[in-house]
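Asker: Below you will find the structure I want to go over with you.
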Amino acid sequence: MPVVSVPQLSVVFRNLKVLSVTESLVDERSGEWIHQLALSNTTLETLDLYMTDLEMVGVRDLEMIAANCPRLSTLVVANTDLLQLGGVLASATKLKKWGGGQCFGSQEPLAAYERFHLNFSGGLTSIVGLNFMTSMELSAVLPVAARLKGLDLQYTLLDSQSLCRLISLCVNLEELE
Numbered sequence: 506m507p508v509v510s511v512p513q514l515s516v517v518f519r520n521l522k523v524l525s526v527t528e529s530l531v532d533e534r535s536g537e538w539i540h541q542l543a544l545s546n547t548t549l550e551t552l553d554l555y556m557t558d559l560e561m562v563g564v565r566d567l568e569m570i571a572a573n574c575p576r577l578s579t580l581v582v583a584n585t586d587l588l589q590l591g592g593v594l595a596s597a598t599k600l601k602k603w604g605g606g607q608c609f610g611s612q613e614p615l616a617a618y619e620r621f622h623l624n625f626s627g628g629l630t631s632i633v634g635l636n637f638m639t640s641m642e643l644s645a646v647l648p649v650a651a652r653l654k655g656l657d658l659q660y661t662l663l664d665s666q667s668l669c670r671l672i673s674l675c676v677n678l679e680e681l682e
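Under the numbering used here, the final residue of the sequence shown carries the number 682; numbering is consecutive throughout.
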């Protein structure tokens, strides 16, 4: 089998609509393949990197994917600080399902998360993969709670009061994990 270089993947990535590597071990540490996807694809509708060990997924590459792929409706990321995702979410104007992002790795004080609000698209109806979300980050999702039909709270670290507050605001909820 011939060896394929990462830049050659851009040919494969050009027309890709769905890329899901959820719960996969991807042995690629440079982030170059996701960069090639960002440079070459305009048709992506789903990008799911949830529960992977990917460490070098650049926020700028995610922003480029969101800006270049007008039909992107599902975006689930891994190991990305919530405070860095504002530009990504602002560019993903057709987003219906979002997930990922964590409160770690930032040099910002924890108080920054209390004031933080994510700018979700008006069509967002599902949030998944809020790993390790605590009451501190809850303010980021409260503004969209009323329109959510799907909510995955697995691996969150919410206290009972915060959990009840969030669920009470989800008046259109159809699926809760």
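Note that CB positions come from ideal geometry on N, CA and C, so glycine has one too.
1) Could you give the residue range of the beta strand (DSSP E) that holds G604?
2) Look at L623 and L662 and say whether their C-beta atoms are less than 7 Å apart.
3) Since L668 is in the alpha helix (DSSP H), which residue starts that stretch and which ends it?
4) To the nearest angstrom, how far is the alpha carbon of E537 from that of L658?
5) Can you tell which of M569, F637, T547, L580 has the C-alpha that lies nearest to the C-alpha of T630?
6) Could you spell out where the beta strand (DSSP E) holding V646 opens and where it closes?
7) For D566, which of helix, strand or coil comes out of DSSP?
8) What residues in its chain sit with their C-beta under 7 Å from that of K599, if we drop five residues either side in the sequence?
9) How would you label L567, buried or exposed, when you count the other beta carbons within 10 angstroms and need 16 or more for buried?
10) Measure the Cβ-Cβ separation of L553 and S596 and say whether it is below 7 Å.
11) Alpha carbon to alpha carbon, how far is L653 from K601? Give it in angstroms, no decimals.
12) Can you check DSSP and say which residues form a bridge with S631?
Answerer: The relevant details are as follows:
1) For the purposes of this step, residue 604 is identified with residue 99 of the sequence shown, where counting begins at 1. Counting along the chain, the beta strand (DSSP E) containing G604 begins and ends at 602–604.
2) Here residue 623 refers to the residue found at position 118 when the sequence shown is read from its first residue. Here residue 662 refers to the residue found at position 157 when the sequence shown is read from its first residue. Their beta carbons are not under 7 Å apart, which means L623 does not touch L662 by this criterion.
3) Taking the sequence shown and counting its residues from 1, one reaches residue 668 at position 163. First-last of the alpha helix (DSSP H) with L668: 665–674.
4) Here the question's residue 537 lines up with position 32 in the sequence shown. Here the question's residue 658 lines up with position 153 in the sequence shown. About 31 Å.
5) Indexing the sequence shown from 1 puts residue 630 at position 125. Here the closest residue by C-alpha is L580.
6) Taking the first residue of the sequence shown as 1, we reach residue 646 at position 141. That residue, V646, is in no beta strand (DSSP E); it is neither H nor E in DSSP.
7) Within the sequence shown, residue 566 is the residue found at index 61, counting from 1. Three-state DSSP puts D566 in a helix.
8) Your numbering for residue 599 matches position 94 in the sequence shown. Only P575, R576, L577, S578, S626, G628 meet the Cβ criterion.
9) Counting from 1 along the sequence shown, the entry for residue 567 is found at position 62. When all chains shown are included, L567 counts as buried.
10) The sequence position of residue 553 within the sequence shown is 48, counting from 1. The sequence position of residue 596 within the sequence shown is 91, counting from 1. The residue you asked about is not Leu; residue 553 is Asp in the sequence shown. No. Outside cutoff.
11) Counted from its first residue, the sequence shown places residue 601 at position 96. Counted from its first residue, the sequence shown places residue 653 at position 148. Taking the straight line joining both Cα atoms gives about 10 Å.
12) Taking the first residue of the sequence shown as position 1, residue 631 is located at position 126. Per DSSP, K602, G655.
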